[in-house]
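So the structure is just underneath, and the comments pick up after that.
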Amino acid sequence: MDHILSILVLFPALAGLLGFVVSKESIRAYGLTVAAIEFLLSLWLWFSFDSHYPGFQFVEMLPLIPSFGINYYLGVDGISLFIVVLSTFITLVGLIALSVEKDLKNMIISLLFLEMTMVGVFVALDAIVFYVFWELSLVPMLYIIGAWGGNLRIYAAIKFFLYTFAGSLVMLVGMLVMAYLYHQATGVWSFSITEWHRLILPLDYQIWLFIAFFIGLAIKVPMFPFHTWLPYAHGQAPTIGSVILAAVLLKMGTYGLVRLPLPMFPDASVYMIFPVAVLSLIMIIYTAMVAYAQEDMKQVVAYSSISHMGVIVLGTFAMNAVGISGSVFFMLSHGIVSGALFMLVGVIYDRRHTKLMSEFGGLAKVMPRYATIMGIMVMASVGLPLTMSFVGEFLSLAGFYKVSHAMTILAGTSIILGAVYMLTLYKKSFFGEVTKEENKNLKDLNGKESMALWTLVLVTIWLGVYPKPVLEPINTSVESLVSFMHKKAITDEAKKVIAPTVIEREAK
Amino acid sequence: MLEPISVSLESLNLGTLAPMLIAIAGGLGILVIDLIKKDLDKTLYVMLSVLFLFVDLGAVLGQTVGTRGFFDVMLIDGIAVLGQIVILLASMLFIPLALTSKRFHEFSYPEFFALFLFMVAGFQFMVASDNLILIFVGLETASLALYTLIALHNRERSFEAAIKYFVMGALAAGFYVMGAMIFYAVSGSVELGKIAEVLEASGFANLSLLLVGAAFMIAALGFKLSMVPFHTWTPDVYEGASATLAGYMSVVPKIAGFVVALRIFGYFIQSDIVWMRDILYAAVVITMTLANIMALVQHDVKRMLAFSSISHAGFVMAAIMIGTTQANSALFLYWILFLFTNLGAFAMLWISRHKASIWHERYDHPYEKFSGMIQIKPVGAVIMALFMLSLAGVPPFSLFWGKLYIMSAAVNSDYIILALIMAVNSAISAYYYLKLIVYMFLKDPSQNEGTIYSQNTSKPLQTIIGFSAFLTVFAMFAVNPMMDAITAYVQASGF
Numbered sequence: 003m004d005h006i007l008s009i010l011v012l013f014p015a016l017a018g019l020l021g022f023v024v025s026k027e028s029i030r031a032y033g034l035t036v037a038a039i040e041f042l043l044s045l046w047l048w049f050s051f052d053s054h055y056p057g058f059q060f061v062e063m064l065p066l067i068p069s070f071g072i073n074y075y076l077g078v079d080g081i082s083l084f085i086v087v088l089s090t091f092i093t094l095v096g097l098i099a100l101s102v103e104k105d106l107k108n109m110i111i112s113l114l115f116l117e118m119t120m121v122g123v124f125v126a127l128d129a130i131v132f133y134v135f136w137e138l139s140l141v142p143m144l145y146i147i148g149a150w151g152g153n154l155r156i157y158a159a160i161k162f163f164l165y166t167f168a169g170s171l172v173m174l175v176g177m178l179v180m181a182y183l184y185h186q187a188t189g190v191w192s193f194s195i196t197e198w199h200r201l202i203l204p205l206d207y208q209i210w211l212f213i214a215f216f217i218g219l220a221i222k223v224p225m226f227p228f229h230t231w232l233p234y235a236h237g238q239a240p241t242i243g244s245v246i247l248a249a250v251l252l253k254m255g256t257y258g259l260v261r262l263p264l265p266m267f268p269d270a271s272v273y274m275i276f277p278v279a280v281l282s283l284i285m286i287i288y289t290a291m292v293a294y295a296q297e298d299m300k301q302v303v304a305y306s307s308i309s310h311m312g313v314i315v316l317g318t319f320a321m322n323a324v325g326i327s328g329s330v331f332f333m334l335s336h337g338i339v340s341g342a343l344f345m346l347v348g349v350i351y352d353r354r355h356t357k358l359m360s361e362f363g364g365l366a367k368v369m370p371r372y373a374t375i376m377g378i379m380v381m382a383s384v385g386l387p388l389t390m391s392f393v394g395e396f397l398s399l400a401g402f403y404k405v406s407h408a409m410t411i412l413a414g415t416s417i418i419l420g421a422v423y424m425l426t427l428y429k430k431s432f433f434g435e436v437t438k439e440e441n442k443n444l445k446d447l448n449g450k451e452s453m454a455l456w457t458l459v460l461v462t463i464w465l466g467v468y469p470k471p472v473l474e475p476i477n478t479s480v481e482s483l484v485s486f487m488h489k490k491a492i493t494d495e496a497k498k499v500i501a502p503t504v505i506e507r508e509a510k
Numbered sequence: 017m018l019e020p021i022s023v024s025l026e027s028l029n030l031g032t033l034a035p036m037l038i039a040i041a042g043g044l045g046i047l048v049i050d051l052i053k054k055d056l057d058k059t060l061y062v063m064l065s066v067l068f069l070f071v072d073l074g075a076v077l078g079q080t081v082g083t084r085g086f087f088d089v090m091l092i093d094g095i096a097v098l099g100q101i102v103i104l105l106a107s108m109l110f111i112p113l114a115l116t117s118k119r120f121h122e123f124s125y126p127e128f129f130a131l132f133l134f135m136v137a138g139f140q141f142m143v144a145s146d147n148l149i150l151i152f153v154g155l156e157t158a159s160l161a162l163y164t165l166i167a168l169h170n171r172e173r174s175f176e177a178a179i180k181y182f183v184m185g186a187l188a189a190g191f192y193v194m195g196a197m198i199f200y201a202v203s204g205s206v207e208l209g210k211i212a213e214v215l216e217a218s219g220f221a222n223l224s225l226l227l228v229g230a231a232f233m234i235a236a237l238g239f240k241l242s243m244v245p246f247h248t249w250t251p252d253v254y255e256g257a258s259a260t261l262a263g264y265m266s267v268v269p270k271i272a273g274f275v276v277a278l279r280i281f282g283y284f285i286q287s288d289i290v291w292m293r294d295i296l297y298a299a300v301v302i303t304m305t306l307a308n309i310m311a312l313v314q315h316d317v318k319r320m321l322a323f324s325s326i327s328h329a330g331f332v333m334a335a336i337m338i339g340t341t342q343a344n345s346a347l348f349l350y351w352i353l354f355l356f357t358n359l360g361a362f363a364m365l366w367i368s369r370h371k372a373s374i375w376h377e378r379y380d381h382p383y384e385k386f387s388g389m390i391q392i393k394p395v396g397a398v399i400m401a402l403f404m405l406s407l408a409g410v411p412p413f414s415l416f417w418g419k420l421y422i423m424s425a426a427v428n429s430d431y432i433i434l435a436l437i438m439a440v441n442s443a444i445s446a447y448y449y450l451k452l453i454v455y456m457f458l459k460d461p462s463q464n465e466g467t468i469y470s471q472n473t474s475k476p477l478q479t480i481i482g483f484s485a486f487l488t489v490f491a492m493f494a495v496n497p498m499m500d501a502i503t504a505y506v507q508a509s510g511f
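Spelled out as structure tokens, the structure:
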């Protein structure tokens, strides 16, 4: 299959277009079929992926605007492969659990377009193609939040759009400067990310460009202090919107960090470790505390999601293979776990039309199956061993431990604080007596909800117990990335900090 | 004893005049047809105009780049050809928009079409000359026809608009003549090429006088290009004109103005005259930003689009200020992409035009009118949204590529701050474009049965809008060949 990546990108888009013709009654079946085929295609990608080869595979290149060096250039390596699989997986699971009745057809078509942009971002190797999908993903999400969300949905949707749009325009200027510098150095225009990686720049250029790229990516992550759009977006978005936002869209930011600034500006990245780490720590601790103060279940999950993203950023800036592999793995586990948590909150919201913890209590008695899954996912979110989050969080922090002990210990409080707010949430809503009359007859999970959620539970535990099939290909690519950064770095300081495990191994 | 004047027909090179003569002949032809037989239908005149424009376009494309003609006042260089192509393309897309299903007063007059063709000829003269007098003649021919076209819309606000435009235009004409006069006084010529030579030779001896002349020129062109602070007429005139004519006015007079600005200021920029660059820099930034901020607070979509087109003009003026070949090519690329998108957006307003003001006592197209359009007219809402996303610069829609090229040209000439200002402005502009999308997609429909959105529609209108939407979506595949052709033309004229 030479064009499997193009098929992965274009299939949902084409399906979305054809979806306009499908009748209202059968649109759910249509959407599910498309998402299932897309998921199978991504699995096929995984199975035909050579996990021992560290570079980009299934590469496709077609000239788009040759005179300006813009190509339709796609490829996956171990870092992007699983995020692609995650995107198709979450879309499928989200569609299975989808409980929207109003305008179902528009919802499903928007989701299919969103799927195209998500896969597109993760397989793009040309900066402009990356940017196109990156920006395009805002449009369906704007519609999903704005049309199916809560009372403040329009405000939340516009805030989401404008924040990300403004940030990415700064990134675009950075990209143009990068292309210009590449042209200066080689005499050729190119927007190819792999070509850009080879360009060696002096430190001051690197720092400015790093900042330009970082602003664009950090808003998406969302890093403190650019995070204010996220609680609104989550608070107002419909369940499926929150699930995709938390599980995949936020990953665009952290994935972008690994793909763009790190290998392009290794010296600046090392130079920036301290400020970025401080921002991440604020993100981890402050948002965890804010999460504890929330009364709305969804807001707890939303803030916990920001807090965990902080750990991912920290792991990324460990500048060694353990930390970066850990953070890529944590991206996946965060995708699965936070996606599941948002889905779980959505389940209760569908039944009671409220997400306030004070409205519940004793749910474990009324909805035992629901409480079981919620229990498992709360544990996973806290980072209990044998769950996927543990692997990711542990590796991210272990990686950063080599950079700074004190900061890692501070970041480790995320586990304690996570336990505090998550268990409080669980205690308030699930334990004790059933106090409210309305809660006494709540229906437990129905078939499709169980199916979607149990799948997520299975993946969480499977990869928590045996992460090797995923971790190994990630590690292969990350190791080559880190040794590349080590080789490319021009300052001694950066050479010292960027620890290439491969070289260490060879030395032994 | 006077020498007998002998002019060889060859040196006149009448071929350079051919395109304008075709348009003028077309206009006269339409008047003659009306004289011979009254009560002919507008469809005849529309189609005749399209045919004349088509032949005109053929004549333009057939011209040899780099020739002069008609006592050397005509100059057919690359940007003259490019400018005429944009003008004619826009005109060919505009004139069939007269084929509405509702009867509009102005289209029943054959004079409308004759005036329209005269106006096109005027704009063509304006771009195809480097003689300040001929530019002025072209400018005034086009403007006088345009005033009348606005007034023909025959509504209360149209007269106001026409008078406003006329008065402002007259003032601008005065400024233009003053500027030209000073240039003449300094250099003894009204031909830009000669003026440049003389100035170069004298080492810019009369710099302070030149400054005054350039200031008058900036004011004059500033009116035409609606640069801030000379923009105040724009929203009111657009509001008074019919939506299609407003769309046309946001594209065609501007490109003519850009070509003239490129000819006049391009020279100063190339000679590295710092104050000229600074003045333009300030004008560009203020135009982009202020118009954007004004657009944020508009209640009417048409007025919003008017302010947004001012902002786009500011964006593109930056290319003239940067002055590299890449920037000047980006200017034309941007404007061609803008042509389709903006004309499409105004045409969408046009098909929802209702004779009575049933939505708002003053505005024809308040945002509220478009509430919940997705539920009533999904295709129309999606197309309108495409135009808005493109105007906002969301990739991969057409204007993104224009913005990319201009911002890249800025970066390549070390105007990184300017590129950042452009980025910030794009972000601000996203808000008001999004506002319309929000009304169309996210609000509930107010009580209306949906006929309002297609009140005025007809097959030709749908075709043109569909064509614009198609180009808006698939522009990325056309950018490369377009850019190659444009760069070749621009380079051929030495900009």
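The listed protein sequences derive, respectively, from chains W and A.
Quick note on numbering: the first sequence equals residues 3 to 510 in our numbering.
Quick note on numbering: the second sequence equals residues 17 to 511 in our numbering.
Even glycine gets a Cβ: it sits at the ideal position worked out from N, Cα and C.
Given the structure is predicted, the values throughout are model-derived calculations rather than measurements.
C-beta neighbour in chain A for residue i, strict 7 Å
i: ILE217 (chain W); result: no
i: LEU178 (chain W); result: yes
i: TYR165 (chain W); result: no
i: ALA501 (chain W); result: no
i: GLU508 (chain W); result: Because GLU508 (chain W) carries a pLDDT of 49, less than 50, the predicted location of this residue cannot be relied on, and no value is offered for it.
i: LEU171 (chain W); result: yes
i: ALA168 (chain W); result: yes
Close Cβ partners of residue i (< 6 Å) along its chain, the five nearest in sequence each way excluded
i: LYS54 (chain A); result: none
i: ALA15 (chain W); result: MET118
i: ALA96 (chain A); result: VAL143, ALA144
Close-in-space but distant-in-sequence residues of the same chain around residue i (CB under 8 Å, 5 per side omitted)
i: VAL499 (chain W); result: VAL272, ILE275, MET321, VAL405
i: ASP298 (chain W); result: GLY237, LYS357, LEU358, MET359
Closest residue to residue i among the options (Cα-Cα distance)
i: THR318 (chain W); options: W:SER306, W:PHE332, W:SER309; result: W:PHE332
i: GLY229 (chain A); options: A:PHE284, A:LEU241, A:PRO251; result: A:PHE284
i: GLY449 (chain W); options: W:ALA168, W:VAL250, W:VAL349, W:PHE167; result: W:VAL349
i: LEU365 (chain A); options: A:ALA508, A:ILE49, A:ILE468; result: A:ILE468
i: ILE217 (chain W); options: W:GLY96, W:VAL179, W:SER329, W:GLY169; result: W:GLY169
Neighbourhood of residue i by C-beta, 7 Å cutoff - its chain only, sequence neighbours within 5 removed
i: THR478 (chain W); result: SER53, HIS54, PRO56, GLY80
i: ALA293 (chain W); result: VAL302, TYR305, SER306, SER309, TYR423
i: GLU435 (chain W); result: GLY363, GLY364
i: THR305 (chain A); result: ASN441
C-beta neighbour in chain W for residue i, strict 7 Å
i: GLN507 (chain A); result: no
i: SER442 (chain A); result: yes
i: LEU225 (chain A); result: no
i: LEU407 (chain A); result: no
i: SER424 (chain A); result: yes
Beta-ladder partner(s) of residue i, from DSSP
i: THR83 (chain A); result: A:ILE92
i: TYR75 (chain W); result: W:MET63
i: ASN147 (chain A); result: A:GLU207
i: ASN322 (chain W); result: W:ALA501
i: LEU358 (chain W); result: W:ASP298
i: ALA439 (chain A); result: According to DSSP, ALA439 (chain A) bridges with nothing at all.
task: Check distances from the C-beta atoms of the stretch 148-160 of chain W to those of chain A and list, in chain order, the residues that come in under 8 Å.
output: GLY148, ALA149, ARG155, ILE156, ALA159, ILE160
Interfacial residues, the stretch 62-78 of chain W to chain A, with Cβ spacing under 7 Å: LEU66, ILE67, PRO68, SER69
message: Any C-beta of chain A within less than 8 Å: which residues of the stretch 129-140 of chain W qualify?
response: ILE130, TYR133, VAL134, GLU137, LEU138, LEU140
message: At a CB distance below 7 Å, what residues from the stretch 91-123 of chain W approach chain A? Give them in sequence order.
response: none
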